[in-house]
Every structure is written in C-alpha cells, then in structure tokens.
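Have a look at the structure below, then the notes.
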Amino acid sequence: MTAQVRLSLYERGIVEALVGSYGFTADAARRLVIQYIVVIRKLGGYDNCFDHAERLAEAKQMGIAPEEWLERIRTIDRDAARDKGISHLERGSQYARVR
C-alpha cells in the first residue's frame with residue numbers, strides 16, 4: 041500500500057499552474073509535484089506557484105531527477121558555507137582601509 045501525500049495549498053497551486061500554463065492533466069501534474077515534493081519543500085514557498093511550475097516542467101523536459109536537483113542544492117549550500125567573503129576584491133579598495 042502506497043502512502044498518500046497530502047499537498048499544501050501552495051503545492052496544489054503548483055499543480056493548478058502546471059495544468060493551466062503547461063498543458064498537464066490534473067493527474068499528471070499532481071504526480072509530478074509528488075515526484076519532486078522533497079525539492080519543492082527544500083526550496084520553500086518563496087516563489088510563486090507559477091515559477092515553481094515552470095521549474096518543474098523544465099526539469100521534467102530536461103530529464104533532471106529530483107535526486108540530481110537536491111544534490112545541486114546541497115553543493116550550493118556547501119559552497120556557500122565555505123565562502124570566505126570578497127576580501128580579494130577589497131584589497132585595493134579605499135573603503136577597506138583602516139585609518
């Protein structure tokens with residue numbers, strides 16, 4: 041028996057955007073949202089539903105698996121954690137000098 045995923049209002053909005061703007065059937069759109077649910081929840085609800093729908097449609101078209109997308113997010117997070125700032129840009133700057 042497969043567990044049912046309960047979509048939030050935001051996630052249902054993504055389904056509606058996939059149907060209305062990208063030609064998905066309601067069932068196919070719901071399956072796509074469920075397939076990428078971990079990615080959607082990791083990215084959060086900062087963008088509107090149509091932006092997320094566009095990304096999902098593009099990921100499906102390009103054959104990007106949810107796991108690949110999550111790995112890219114993890115890589116970006118790791119790189120951001122290692123960020124040393126922009127000191128190499130500040131070396132010659134008059135604003136970086138202490139008087």
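If you're matching positions, the sequence shown starts at 41 in the numbering used here and goes up one per residue.
We put the beta carbon where it would ideally sit given N, CA and C, even for glycine.
Computed from a predicted structure; not experimentally measured.
Counting other Cβ atoms within 10 Å of its Cβ, V73 reaches 16 or more and is therefore classed as buried. Under the three-state reduction of DSSP, R114 is assigned to helix. Counting of Cβ neighbours within 10 angstroms places I113 among the exposed residues, the total staying below 16.
Y50 and C89 have their C-alpha atoms spaced approximately 7 Å apart. With contacts defined by Cβ atoms closer than 7 Å, A69 and V55 form a contacting pair.
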